[in-house]
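Step one of this worksheet: look at the structure below.
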Amino acid sequence: MPTTDSVQMWSVSKVYGVGARSVTALDNMTTAFRAGTFTAVMGPSGSGKSTLLHCAAGLDRPTSGKIQVGDVDLGALDETRLTLLRREQIGFVFQSFNLVSALSAAQNVALPLRLAGRGPTADQVNAALAEVGLAKRGGHRPSELSGGEQQRVAVARALISRPAAVFADEPTGALDTKTSHDVLGLLRDIVDRHRQTVIMVTHDPAAAAYADRVLLMADGRITDDLHGPRTAESIATAVAHRQERAC
Ligand code: ADP
13 MPTTDSVQMW
23 SVSKVYGVGA
33 RSVTALDNMT
43 TAFRAGTFTA
53 VMGPSGSGKS
63 TLLHCAAGLD
73 RPTSGKIQVG
83 DVDLGALDET
93 RLTLLRREQI
103 GFVFQSFNLV
113 SALSAAQNVA
123 LPLRLAGRGP
133 TADQVNAALA
143 EVGLAKRGGH
153 RPSELSGGEQ
163 QRVAVARALI
173 SRPAAVFADE
183 PTGALDTKTS
193 HDVLGLLRDI
203 VDRHRQTVIM
213 VTHDPAAAAY
223 ADRVLLMADG
233 RITDDLHGPR
243 TAESIATAVA
253 HRQERAC
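Numbering-wise (our numbering), the sequence shown opens with residue 13 and increments by one.
Put into structure tokens, the structure is as follows:
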């Protein structure tokens, strides 16, 4: 059956180490990320946000449970097929941009599809750059672009394969406030206009306010699942209440 969920997780646990020194980073987590939605994942340091993102994106394997991207069960894939799935079905946007400095913006955008053996056409690359407002900057190297522009290139790179899901890890952590809002507005826009699915880890309630849904995590579990648009203030209040209850 085709699913309207881009990513589904059933009873997913991730335990690092063994015996008395083991750490349960994800504790029996079940959730789903619907296609065409923008989810923010929040929680204190060590609550399992990065582990969730890495497992859901196929960068790491859970200890138990099942994860599906689109209709594909990640547990059924060997390393080669998992790598191919990541290139074609998953986009990544990192805090540190992670562009290849020796390549132009256009070459960076083309890279995931080239690696997947499906070199995009120049028109496809130009369209992706135009979508993020960088139509005229394709020939520039990352060092010739501002931080915000570099992150826009990273967003174009994440989108060019029209992935099932885009995972963003603190995508505005290295940007000033104005530039952060530009990049978040861009992510919001690709969700609204192209029904892309974005799952973003953030510490910042103002960033989470761009999402349709906010997942709060603690100790490897979801403690709150807030649906519907929210203000930065209401998100900050929910985070503070959760921390008070945990103390
Ligand atoms: P967050 O992203 O919310 O800060 P993480 O997912 O990075 O949380 O970590 C969750 C827990 O798992 C923490 O207790 C952390 O120390 C532990 N952890 C994460 N990665 C590893 C690892 N590679 N080896 C051992 N413990 C880890």
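Don't be surprised by glycine CBs; every beta carbon is placed ideally from N, CA and C.
{"query": "If the criterion is Cβ atoms closer than 9 Å, does the pair A218 and S246 meet it?", "result": "no"}
{"query": "How many whole angstroms separate the CB atoms of T189 and F45, which I take to be in contact at a CB cut-off of 8 Å?", "result": "Contact flag wrong, Cβ pair sits at about 27 Å."}
{"query": "Check whether the Cβ of Q119 lies closer than 9 Å to any Cβ atom in chain D.", "result": "Reference to chain D is not applicable here, since this structure consists of a single protein chain."}
{"query": "For K148, name the three-state secondary structure that DSSP assigns.", "result": "coil"}
{"query": "DSSP has V81 in a bridge; who is on the other side?", "result": "V19, V84"}
{"query": "Quick one: Cα of A128 to Cα of A258, how far?", "result": "45 Å"}
{"query": "When every heavy atom of ligand 2 is checked, does at least one fall within less than 8 Å of the C-beta of M229?", "result": "Here the bound small molecules are ligand 1; ligand 2 is not part of this structure."}
{"query": "Using the beta carbon as the reference atom, which residues fall closer than 5 Å to any heavy atom of ligand 1, ordered along the chain?", "result": "Y28, V35, A37, S57, G58, S59, G60, K61, S62, T63"}
{"query": "Return yes when the Cβ of V24 is within less than 9 Å of the Cβ of T42, no when it is not.", "result": "yes"}
{"query": "For the segment 152-171 against the segment 115-133, are there 3 or more C-beta pairs whose distance is under 8 Å?", "result": "yes"}
{"query": "Where does the unbroken alpha helix (DSSP H) through G197 begin, and where does it stop?", "result": "189-206"}
{"query": "Does the separation of the CB atoms of M54 and T184 fall below 9 Å?", "result": "no"}
{"query": "Kindly indicate which residue of H239, R207, T235 has the alpha-carbon position closest to the one of A220.", "result": "H239"}
{"query": "Helix, strand or coil, according to DSSP, for L115 in the structure here?", "result": "coil"}
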